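In the working numbering, the protein residues as written are 6 to 361.
Note that the Cβ used here is the ideal one computed from N, Cα and C, for glycine as well.
Since the structure is predicted, the reported quantities are computational estimates derived from the model, not experimental observations.
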């Protein structure tokens with residue numbers, strides 16, 4: 006079997022920070038090139054990497070039965086830049102990232118097939134607090150073909166591979182059907198404090214999140230809709246508004262207090278002359294305090310439901326379905342038994358703060 010030189014560079018595209026591995030330096034990656042039935046083939050092998058603090062991470066491309074997949078085969082169709090998803094493991098903690106492979110045919114073995122003008126478009130979709138959000142990303146090629154491609158973002162982001170040097174349009178679409186997740190009485194209170202000028206919004210993203218009916222102003226109509234969503238009276242926003250708003254990370258509003266006047270277009274135009282990273286900020290409509298959890302793999306899962314709870318106050322039993330007159334105030338002394346702490350509970354539209 007003949008072996009020929011094909012120049013390969015490997016870079017790690019991104020690493021999640023759940024294991025505090027903000028940057029990974031590539032180590033012990035080898036390649037072999039051979040002539041197969043379909044021409045030159047490059048075998049990319051990964052073993053392990055180390056972070057800047059010297060921690061070791063075992064790498065693989067996936068699993069096959071009970072063994073790790075350590076190699077990936079590339080050929081002339083991969084000349085240029087390509088992204089390979091891989092997994093790293095440290096003491097049982099497992100996460101994923103992408104490996105950027107730059108494959109160059111120095112010997113001209115792929116001269117009949119290669120296209121050196123191929124690039125990638127990739128990025129992440131996250132909330133302000135860094136949680137990943139699942140969404141659909143669509144790419145359209147601005148030529149006579151109008152070819153469209155779609156990709157679902159996940160914890161590792163999204164990627165469009167082997168793209169030609171061309172003009173493209175990119176948009177992010179909402180896939181979340183749980184409109185109420187992450188919304189609570191705390192968001193209503195935050196909007197009220199803004200309206201009363203007690204605590205004004207400081208971010209354009211807060212304005213966008215609070216304007217749930219999308220009328221370009223923040224008022225009691227937004228509070229009413231938000232309350233209806235939290236209480237389950239409605240399950241979707243009016244006028245087919247989606248659960249999420251997506252803003253390119255690099256976007257700058259001309260005025261943060263009126264961001265509606267300088268919103269980015271739905272489609273982002275990209276002149277692809279090299280691999281491009283396009284990250285998006287995700288804003289949950291109604292989630293002014295950014296407490297939403299993007300998916301079930303986050304550290305905390307919220308639970309919401311309707312139930313009756315009994316609280317003992319001396320000899321009187323008070324239930325949370327007891328009618329309370331408007332503007333009426335009650336003081337309830339609670340003795341916590343076998344409960345470490347209670348931060349707050351929402352009863353209808355009343356928020357009761359409990360201290361142990």
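| Is it the case that the Cβ atoms of residue 158 and residue 165 are separated by a distance below 7 Å? | no
| task | Buried or exposed for residue 131, please, with buried defined as at least 16 other CB atoms from any protein chain shown within 10 angstroms of its CB. | result | buried
| field | Span of the beta strand (DSSP E) around residue 198 | value | Premise fails: residue 198 lies in the alpha helix (DSSP H), 190 to 200, not in any beta strand (DSSP E).
| request: Using a threshold of 7 Å, state whether the C-beta atoms of residue 198 and residue 248 are closer than that. | output: no
| query | Candidates 138, 280, 265, 207: which alpha carbon is nearest residue 186's? | reply | 138
| query | If we ignore side chains and look at the alpha-carbon of each, how far apart do residue 124 and residue 216 end up? | reply | 38 Å
| said: If you follow the beta strand (DSSP E) that residue 288 is in, where does it begin and where does it stop? | reply: 285 to 289
| query | What did DSSP end up calling residue 204 once you bin it into helix, strand or coil? | reply | coil
| task | Indicate the three-state DSSP secondary structure (helix, strand or coil) for residue 64 in the structure shown. | result | strand
| said: Assess contact between the region 260 to 270 and the region 232 to 243, defined as three or more Cβ pairs (one per stretch) separated by less than 8 Å. Is contact present? | reply: no
| request: Decide if residue 129 is buried, meaning its Cβ has at least 16 other Cβ atoms within 10 Å, or exposed. | output: buried
| DSSP-derived helix/strand/coil call for residue 133 | coil
| query | Less than 7 Å separating the beta-carbons of residue 201 and residue 175? | reply | no
| request: Determine the burial state of residue 163: buried for a count of at least 16 other Cβ atoms within 10 Å of its Cβ, exposed for fewer. | output: buried
| task | Using only alpha-carbon positions, find the residue among 170, 203, 136 that is nearest to residue 276. | result | 170
| said: I need the DSSP call for residue 54, collapsed to helix, strand or coil. | reply: strand
| request: Would you kindly check if the distance between the Cβ of residue 64 and the Cβ of residue 74 is under 7 Å? | output: no
| query | Who are residue 156's beta bridge partners in DSSP? | reply | 142
| Which same chain residues, not among the five before or five after residue 301, have their C-beta less than 7 Å away from its C-beta? | The predicted model places residue 301 with a pLDDT of 40, which falls under 50 and marks its position as unreliable; any figure quoted below should be read in that light. The answer is none, since no qualifying residue turns up.
| query | For residue 147 versus residue 184, is the C-beta distance shorter than 7 Å? | reply | no
| How would you label residue 177, buried or exposed, when you count the other beta carbons within 10 angstroms and need 16 or more for buried? | buried
| request: Mark residue 135 as exposed unless 16 or more other C-beta atoms lie within 10 angstroms of its C-beta, in which case mark it buried. | output: exposed
| request: Can you give me the Cβ contacts of residue 253 inside the same chain, cut-off strictly under 8 Å, excluding the 5 residues immediately before and after it? | output: 269, 273, 283, 284, 285, 286
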